[in-house]
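Residue numbers (our numbering): 64 to 528. Every residue gets a Cβ at the ideal spot worked out from N, C-alpha and C, and that includes glycine. Here is the structure we will look at.
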Amino acid sequence: MEPATRQLIYVSRDPSAELNTRFHQRGWQVEVVGSARDVRRAVRAGMAAGGLLDLSSHFQPHEIAAFESCLTMPNVGWVAATMPGQLQDAALRRLVRDYCFDYVTVPYAGDRIVDSVGHAYGMISLGEPASNDGSQGAEGEMVGSCDAMLALFRSIRKVAMTDAPVFISGESGTGKELTAVAIHERSARRNAPFVPINCGAIPPHLLQSELFGYERGAFTGANQRKIGRVEAANGGTLFLDEIGDLPLESQASLLRFLQERKVERLGGHGAIDVDVRIISATHVDMTAAMIEGRFRSDLYHRLCVLQIDEPPLRARGKDIELLARHMLERFKKDASRRLRGFAPDAIAALHNYGWPGNVRELINRVRRAIVMSEGRAITARDLELAEYVEIVPVSLAQAREAAERQAIELALLRHRGRLGDAAQELGISRVTLYRLLCSHGMRHMEGEPLAAPHGGDLPASVPHL
Ligand SMILES: Nc1ncnc2c1ncn2[C@@H]1O[C@H](COP(=O)(O)OP(=O)(O)OP(=O)(O)O)[C@@H](O)[C@H]1O
Ligand SMILES: [Mg+2]
64 MEPATRQLIY
74 VSRDPSAELN
84 TRFHQRGWQV
94 EVVGSARDVR
104 RAVRAGMAAG
114 GLLDLSSHFQ
124 PHEIAAFESC
134 LTMPNVGWVA
144 ATMPGQLQDA
154 ALRRLVRDYC
164 FDYVTVPYAG
174 DRIVDSVGHA
184 YGMISLGEPA
194 SNDGSQGAEG
204 EMVGSCDAML
214 ALFRSIRKVA
224 MTDAPVFISG
234 ESGTGKELTA
244 VAIHERSARR
254 NAPFVPINCG
264 AIPPHLLQSE
274 LFGYERGAFT
284 GANQRKIGRV
294 EAANGGTLFL
304 DEIGDLPLES
314 QASLLRFLQE
324 RKVERLGGHG
334 AIDVDVRIIS
344 ATHVDMTAAM
354 IEGRFRSDLY
364 HRLCVLQIDE
374 PPLRARGKDI
384 ELLARHMLER
394 FKKDASRRLR
404 GFAPDAIAAL
414 HNYGWPGNVR
424 ELINRVRRAI
434 VMSEGRAITA
444 RDLELAEYVE
454 IVPVSLAQAR
464 EAAERQAIEL
474 ALLRHRGRLG
484 DAAQELGISR
494 VTLYRLLCSH
504 GMRHMEGEPL
514 AAPHGGDLPA
524 SVPHL
């Protein structure tokens, strides 16, 4: 189904008022733009648009070259307008052949141009939206104020300033994708596309063509050229999500691309230069994957130049509450009554629970509680966490022991299980730390990247990135 108005990006140095009116009359909202930069500004993220590239309006060769990165935008269907004979020029011919659905020659006769753009728009609308796994809607805001999140925000700002590959690891639902988007949005590539690909969700035999594309007629059923995700990200960021699930066969092609920075569409006429920044993410233990031969270590070392670890929710102390309140604010319009906040038993349960599904699980529980709640405040029962409430009175000795245990857990978490560094931070010897780990029954945390502390009163100065 088509929306009432369709957007046309009309790229021209000398736009035709008559043509503009004709598009308007056929229900198009026309945006006239004159440069590649303006095209990126005019294209609305995730919304399909038609594009008319008026090559007859005497663009300079460097301007035409700059348009190339816009022509790979996944949500715009392009048609070129050319002067008779103009396609004798090899560079223009390649541009039109590789990126446009059609071309028309000026002067524009009848409504053929409008029909052609309509067709390009229709084809593009059949594609998938740029990024949609149902988890959007956070307005890109990353909430957090604990030490671990403040460190994460600092890392995001730092890595955004470079072009080096970033590898994001972390349990499921911790915010890996949100982090990747945040890096892109703070980088110099922010106006170019952010193209995600879920390496685990695409059947292995389709991955190759998803990544690198194909030409019309490359194989039976290839009725139309397909631009691969790598090429679609040209000028911007390619987000390789669930990279740990990438089949070995595709690992070889990806490695080749990272070495050569060129893609060749299946059945294509040659390699195309592509300039992308790579961010990858996974919840898979990559060290184990490499030892077991499921992941190539040469590829891993190319992807993991800069590393970011997402802290699990259970290690974020007071942020659990902060996030719960944030989500309540965001979704409380779904409630049938006015909600005042969380009851004390709900707060206790939020801290006692282990959150295996991390932030995504927290969002789901809060949203469900908003709808199910019958009182003025959300209770532990509404969150389906009633069994995590027990607030047992503690003796001073128990409180000391719990504090000691928590300090050790946090130090080990910060140093990714490295005993020497954690001991130094705690101001004790490695031997003492080892002894304490044994007495608390925490040997499993030694050398483990991320483990499970509870609670933790952490400073609440910066609530979000
Ligand atoms: N710090 C945060 N503040 C606000 N919302 C967050 C935060 N972290 C994660 N979210 C939200 O939690 C959900 C899960 O985040 P995201 O999809 O980025 O996680 P992920 O690590 O990629 O998960 P998975 O491994 O399951 O793919 C999203 O809806 C995201 O907006
Ligand atoms: Mg994800």
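Same chain only: Cβ atoms within 7 Å of residue i, ignoring 5 sequence neighbours per side
i, result
"E273", "I260, I265, G291 and R292"
"S524", "Bear in mind that the predicted position of S524 carries a pLDDT of just 31, short of 50, making it unreliable; the figure below should be weighed with that in mind. So the list reads S208, once near-sequence residues are dropped."
"A201", "Its pLDDT being 37, under 50, A201 is placed unreliably in this model, and the value from its coordinates should be taken loosely. Excluding positions up to five away in sequence, the list reads L241."
"I306", "C262, S343, A344, T345 and L366"
"N286", "R279"
"Y171", "L82"
Any non-hydrogen atom of ligand 1 closer than 7 Å to residue i Cβ
i, result
"L309", "no"
"V206", "yes"
"G298", "no"
"S218", "no"
"A99", "no"
"H247", "no"
"E373", "yes"
"T237", "yes"
"H346", "yes"
"R423", "yes"
"G284", "no"
"L35", "This structure does not reach residue 35, given that the chain is present from 64 up to 528, and the question cannot be answered."
"L301", "no"
"I426", "yes"
"G233", "yes"
"L386", "yes"
Cut-off 6 Å between Cβ atoms - residues of its own chain near residue i, not counting five sequence neighbours on either side
i, result
"N415", "Y451"
"I176", "V167"
"H503", "R468"
"A129", "A99"
"S436", "D445"
"A564", "No answer is possible for residue 564: the residues shown for the chain start at 64 and end at 528."
"L370", "Checking the sequence, you will find Gln at residue 370 rather than Leu. Cβ within range, chain order: F230."
"R400", "none"
"A281", "L329 and G330"
"S79", "none"
Beta-carbon proximity of residue i to residue j, cut-off 8 Å
i, j, result
"L376", "L329", "no"
"P374", "L118", "no"
"I383", "L402", "no"
"L71", "E94", "yes"
"N421", "T237", "yes"
"P137", "V326", "no"
"D165", "S188", "no"
"R558", "G90", "Not covered by the structure: residue 558. The range shown for the chain is 64 to 528."
"I321", "L309", "Position check: residue 321 holds Leu in this sequence, whereas Ile was assumed. Against a cut-off of 8 Å, the Cβ pair of L309 and L321 comes out as no contact."
"E447", "R428", "yes"
"V339", "L301", "yes"
"N254", "R104", "yes"
"I335", "E294", "yes"
"L386", "V206", "yes"
"L303", "I341", "yes"
"V368", "P256", "no"
"F275", "Q314", "no"
"R288", "R249", "no"
"E131", "L150", "no"
"D408", "T442", "yes"
"R439", "F394", "no"
"G480", "D372", "no"
"E323", "P267", "no"
"M508", "L475", "yes"
Same chain, Cβ closer than 8 Å to residue i, neighbours up to 5 away in sequence not counted
i, result
"L496", "I471, L482, A485, A486 and L489"
"A515", "Because A515 carries a pLDDT of 32, less than 50, the predicted location of this residue cannot be relied on, and the following value inherits that uncertainty. Answer for A515: P375, R377, A378, G417 and E472, listed in chain order."
"E97", "Inspection of the sequence shows that residue 97 is occupied by Gly rather than by Glu. Excluding sequence neighbours, G97 sits near V74, S75 and R76."
"A183", "G113, G114, G140, W141, V142, C163, F164 and D165"
"D361", "L318"
"E126", "S98 and A99"
Those residues which DSSP pairs with residue i across a bridge
i, result
"A129", "In DSSP, A129 forms no bridge with anything."
"F302", "P259 and I342"
"E94", "I72"
"L329", "Y277"
"Y166", "A143"
"Q370", "F230"
"L115", "Y73 and V142"
"F405", "I441"
"I219", "Looking at the DSSP assignment, I219 forms no beta bridge with any residue, so it has no partner."
"K289", "Y277"
With a cut-off of 6 Å, give the chain-ordered residues whose Cβ is closer than this to any heavy atom of ligand 2. K239, E240 and D304
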